[in-house]
Amino acid sequence: NAGVTQTPKFRVLKTGQSMTLLCAQDMNHEYMYWYRQDPGMGLRLIHYSVGEGTTAKGEVPDGYNVSRLKKQNFLLGLESAAPSQTSVYFCASTKAGGANEQYFGPGTRLTVT
Amino acid sequence: GENVEQHPSTLSVQEGDSAVIKCTYSDSASNYFPWYKQELGKRPQLIIDIRSNVGEKKDQRIAVTLNKTAKHFSLHITETQPEDSAVYFCAASKSQGAQKLVFGQGTRLTINP
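In order, the protein sequence lines correspond to chains U and Y. By the working numbering, the letter at position 111 of the first sequence is numbered 291, and the numbering carries on one by one without gaps. By the working numbering, the letter at position 109 of the second sequence is numbered 127, and the numbering carries on one by one without gaps.
What follows is the structure, encoded as structure tokens:
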């Protein structure tokens, strides 16, 4: 049982390049989330999904897109990377309904030059 | 939307002493308040949470108190140990539907031997 995994662990992009971050969970969780964490700040929600085929915007969605084609996977895309998107990205998942523990992945450190 | 303020940003205590971290929230509809511990380079991990229908919850050396009227909640760690050194984040959300956590800015706790 791997829990929540993320690929890649590290990535360096040039401004304007695109990439996709993959999150996978094997806990059969309905809800999945993408956060970003900047130095000296808490995590901020980018997008989330309450089920396969559904996504919604969080607190800081601009410049990102997401897809949830399979229940176990949640993809975060950057179409045209900007230096302001340099951050550590965390994926998380929870069971549906109520106040349940969010399980986080190990994070992806992204640098945009 | 919800806004969570966390204080202090850094806290240094002697091993064996107690540590207290405080958070305030703005949205009276928030009813779920988790606390996460994040060690350097690691993922956030839930250490304790509280729902708005209780005022206090304790788990061994860790306790959380909630004052709904004043809209603030606090983390208390007693008999601190070196392994308690980490960054601690509070968060708030509504428990209905997707758990869209809004995080505080974090407190770097250092336990001095």
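C-beta: ideal position from N, C-alpha, C; glycine also. The model shown is predicted, which means the values in this text are computed figures rather than measured ones.
Beta-carbon gap between Y50 (chain Y) and A279 (chain U) smaller than 7 Å: yes
Any chain Y beta carbon closer than 7 Å to E232 (chain U): no
Q99 (chain Y) in three-state terms, based on DSSP: coil
Within-7 Å CB hit, E281 (chain U) to chain C: In the structure shown, chain C does not exist; the protein chains are U and Y.
Any C-beta of chain Y under 7 Å from that of G257 (chain U): no
Under 8 Å by beta carbon: chain Y residues contacting P219 (chain U): Under the 8 Å cutoff, chain Y gives no residues; its nearest Cβ is about 10 Å from P219 (chain U).
Under the three-state DSSP convention, the category S247 (chain U) falls into: strand
Cβ contact (3+ pairs, closer than 8 Å) linking the region 27-43 of chain Y and the region 82-90 of chain Y: yes
Counterpart residues of R52 (chain Y) in DSSP-defined beta bridges: Checking the displayed sequence, the identity of residue 52 (chain Y) turns out to be Pro instead of Arg. Paired residue(s): Y:D67.
Segment contact flag, the region 237-257 of chain U with the region 190-204 of chain U, C-beta cutoff 8 Å, min 3 pairs: yes
Chain-order list of residues whose beta-carbon lies under 6 Å from that of N21 (chain Y) (same chain, five-residue window excluded): S44
Amino acids of chain U, ordered along the chain, whose beta-carbon sits closer than 8 Å to that of P62 (chain Y): L223, F270 and F284
Contact list for T291 (chain U) against chain Y, beta-carbon separation under 7 Å: Within chain Y, no residue comes near T291 (chain U); the closest Cβ sits about 15 Å away, beyond 7 Å.
Among Y:H94, Y:R69 and Y:Q63, nearest to Q78 (chain Y) - alpha-carbon criterion: Y:H94
T266 (chain U) at chain Y interface by Cβ criterion, 7 Å: no
Nearest-angstrom Cα separation, counted from E281 (chain U) out to L64 (chain Y): 7 Å
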